[in-house]
Amino acid sequence: MTGPATDPATGVPPRAAGLPAAAAFAAVFAAAVWLGRSTAVDASGIGLVHPGAGIAALWFLARRGGAHRWADWSALAVLSGAVTALTGTPLALAAALAGANVVQVAVLLRAAAAWCPHVGLRPPATVADLGLLLGAAGAASAAGAVVGTGAVWVATGTWSWVGAAVWVARGAVAVLLAVCAGPRLAAAVRAARARGDRPGRPAPWRVVELVAVVVAGALAHLLVFGALDSLPLVFVPVGLVVWVALRFDTTALVLLVVVAAVAAVGLTLAGHGPFAHVADPGARALVVQAYAGLSAVIGLALALGRDEREELLRQVRAAAAEAERRGELAEAVLASAEVGVVVADPDGHLVQFNGVARTWHGLDADADLDPAEHADAYDLFAADGRTPLTPSAVPLARVFREEFVRGVQIVIAPRGRRPVTVVCSGRLMRAADGTALGAVVAMQDVTAVRAREAALVEAHAELAERTEELLRSNGELEHFAGVAGHDLGSPLTVVSGYVQMIGEVHGEALGEEGRGWVAAALRGVDRMSALIDALLRHSRAGAVVCERRPTDTGEVLAQACDDLAAQVAAAGAAVRAPAPLPVVHADPVLLRQLLQNLVGNAVKHRDPARACVVEVTAARTGEGWEFRVADNGRGIPEADRERVFEMFAQVGTPDGVGQSGPGGHGIGLATCQRIVRRHGGRVRAEESPGGGTTVVFTLPQRAAEAPEGVAAAAARRAGALPVG
């Protein structure tokens, strides 16, 4: 495992800290060991506290993977033994106790690497981190206690369970306080330095509360360890710890816990406070350590739990705000559509009308209305405009029975309003597991179209061609309205449901379930956004003016591949034109969209068993140019090669994998066909030699356009054009 970019204790990279940093550690560690030895409570020489264990733990955890580790381990062993010997311990016993310290640090590093590898590199950030750190510290201290108390037993002939418990408790508490306090206090100092002369000013009431905490803490310790030291009132300072944990920053809590622990130990050594009245020195040391450790664990658990909850709430608020923003965008898209959209829940109750549907019905969606009453409540009639619809004939009811309906014509005739003739298409919406989410019906206003059709039929037979084109266009619009309404409404329903659930539990503690709700809402919105983009591209391909002018197809292909660079690179695909491509008369924007769709489709539906290769070639024909975009992907079954160009077509592949692919909507090839037809050409799909799909399209050239051809294009481009 490598070390962090910056040492939490020193603020410099561990590998760059080097020997000077190790020397500084040695000095601090020696002072800490001497301080601990000065608090020995009995003849065993075991100190009341062991700050050296905390200093060593913090240093070695922060320096994992750093350089000069030999210097660190040498300093730990030599200084432990030397300081222990200088404080009156026999040399052999001092060496054994130094070995116990080395064992303790080694076990801590191993346990921390397995349980909480990031702790030490940064302070514990969650309650789970705190628990894992406490477990690692306890295991390490227990290992040190086995070696240390065993050495005392060999040297003195006496062994005490209390002494072993004191060793474990003091070691665990020292590690816990050092690892929690060191990185946080260092970070606070660095932050203060970074702010320079511009420190933030706390609110006045926070200053008052902080002063109250300081005063209350001083009074509590004066009472517990002074005036009333004969009474068991140690729970009073613990209440102060709870106050700070719930009201102040975690760094402030850590500072309070350290100061309180130091005060308790110092006053006990001075003979003050309830712990000083414990007659047995070992039991006294154990009680002091238990008090310090329990105060630290309670305070840190509360503070870290609060931090986790606040971070979770922040993430949920941000996710909810983003979901609301995207929901408003989806609502705006639905409101701007020229089709009426009706959404129902799984029980058939109305959930939503878009603006067009509300205008036609003169009412909004009524969720309390029984589905059997929809026809009467919203004045729905059959196509003749006179026969009231039965409940079972309502398009929404048919969707729940048949799962999909298309081209159902009805008349909406609210009292006092102009009747509207609409063509309805609808689909039952299901979740990934097949559970019904509800239904959506899209309605296209064909009132004027029907009137115009009758007038055209009566007026002149010469208008038959226009009528056929209009019917074809209406058919596409009807198909668009039905399927797009489904795919736009489904994510919106998901967003609404999950965001509503988030709001219902907003005041409660949120866990993984809350995150799941938010994630589901965002996935629905993302799917809505992707479909909107595809629909807009298809609409744009048929709406913009086709401005034909000399266009270098080689340059257009390169531009399209630039747009697809990330997708091509991620797939490891190769897109190339083996020979120079011609200059033709075409709309460069539409041609770029056409090539981008075809190349992107080829990359998306690549064969995972071989490297994806896409080749674009062109050949002169009597009418103009024929282009071929060939890939070695999964291919399209022969029976589906015509249907694949229909709107929202979902076809299979020879290997049984869906051709629409992950995230596909069946719009891309329909858009390609629309672009080719706008240029007067034709498009078809063939099988590539060796497997895959070749999409062939023609671009007719009128004689007056005099295409520049391959030769002139090659004059500007030397050699073949590798574009991916």
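Here the sequence shown is numbered in my numbering, starting from 88 and rising by one per residue.
Beta carbons are placed, not taken as given, at the ideal position from N, Cα and C, and that holds for glycine.
Owing to the predicted nature of the structure, the values given are computational and were not obtained by experimental measurement.
- Straight across, the Cα-Cα distance linking Gly175 with Trp121 is about 11 Å.
- When the five nearest sequence neighbours on each side are left out, the beta carbons in the same chain lying within less than 7 Å of the beta carbon of Asp216 are those of Cys203, Val206, in order along the chain.
- For the pair of segments examined, the segment 701-716 was found to touch the segment 655-667: the number of CB pairs separated by less than 8 Å reaches three.
- Annotation: the segment 427-487 contains the following complete segments of the beta strand (DSSP E) (minimum length 3 residues), in chain order: 437-440.
- Contact annotation, Val492 with Cys511: C-beta distance approximately 7 Å; criterion of less than 8 Å satisfied.
- In this model, Ala462 and Thr522 are separated by some 27 Å (Cα to Cα).
- With at least 16 other beta carbons inside 10 angstroms of its own, Pro324 counts as buried.
- Under the three-state reduction of DSSP, Trp330 is assigned to helix.
- Between Ala370 and Trp330, the CB-CB gap reaches or exceeds 9 Å.
- Following the DSSP letters along the chain, one finds Arg514 in no alpha helix (DSSP H) but inside the beta strand (DSSP E) bounded by residues 507-517.
- If you check the CB distance, Ala444 and Val428 come in under 9 Å.
- Residue environment analysis places Pro107 among the exposed positions, since fewer than 16 neighbouring C-beta atoms fall within 10 angstroms of its C-beta.
- Between the alpha carbons of Gly711 and Gly778 lies a gap of roughly 28 Å.
- If you keep only unbroken alpha helix (DSSP H) runs of at least 4 residues inside the segment 646-723, you get 652-658, 675-691.
- Annotation for Asp639: the continuous beta strand (DSSP E) segment containing it runs 636-639.
- Checking the DSSP bridge columns, you'll see Arg371 has no partner listed.
- Remark: fewer than three beta-carbon pairs, one from each stretch, lie closer than 8 Å, so the segment 347-364 and the segment 178-191 are not flagged as touching.
- Around the beta carbon of Ala410, 16 or more other beta carbons sit within 10 angstroms, so the residue counts as buried.
- Within the same chain, and ignoring the five residues on either side of Gly123 in sequence, the residues whose Cβ sits closer than 6 Å to its Cβ are Gly134, Val136, His137, Pro138, Gly139.
- Ranked by Cα distance from Gly494, the first of Arg504, Val509, Arg502 is Val509.
- With a cutoff of 9 Å on beta-carbon distance, Phe440 and Asp451 are scored as near each other.
- Taking C-beta atoms as the reference points, Val189 and Ser167 count as a pair closer than 9 Å.
- Between the segment 781-788 and the segment 720-728, the count of Cβ pairs shorter than 8 Å is below three; the stretches do not touch.
- Pairwise C-beta distances place the segment 288-299 out of contact with the segment 373-381, as fewer than three of them are shorter than 8 Å.
- Nearest in C-alpha terms to Val670, of all of Gln680, Cys648, Arg635, Lys691, is Arg635.
- If you ignore the 5 residues before and after Arg679, its C-beta comes within less than 7 Å of the C-beta of Val643, Gln646, Ala647, all in its own chain and listed in chain order.
- Bounds of the beta strand (DSSP E) holding Gly525 are 523-532.
- Less than 9 Å divides the Cβ of Leu681 from the Cβ of Cys759.
- Residue pairing by DSSP puts Ile499 in a beta bridge opposite Leu467, Val507.
- Around Glu395, the same chain offers Thr213 as residues with beta carbons nearer than 6 Å, after the five sequence neighbours per side are excluded.
- Around the beta carbon of Trp246, fewer than 16 other beta carbons sit within 10 angstroms, so the residue counts as exposed.
- Here Glu774 carries a strand assignment [DSSP, helix/strand/coil].
- Cβ atoms of Val426 and Met530 come within 8 Å of each other, at about 6 Å.
- His766 has its alpha-carbon roughly 28 Å from the corresponding atom of Arg693.
- Judged by their CB atoms, Val328 and Gly141 are not nearer to each other than the 9 Å cut-off.
- Around the C-beta of Arg488, fewer than 16 other C-beta atoms lie within 10 Å, and the residue is accordingly described as exposed.
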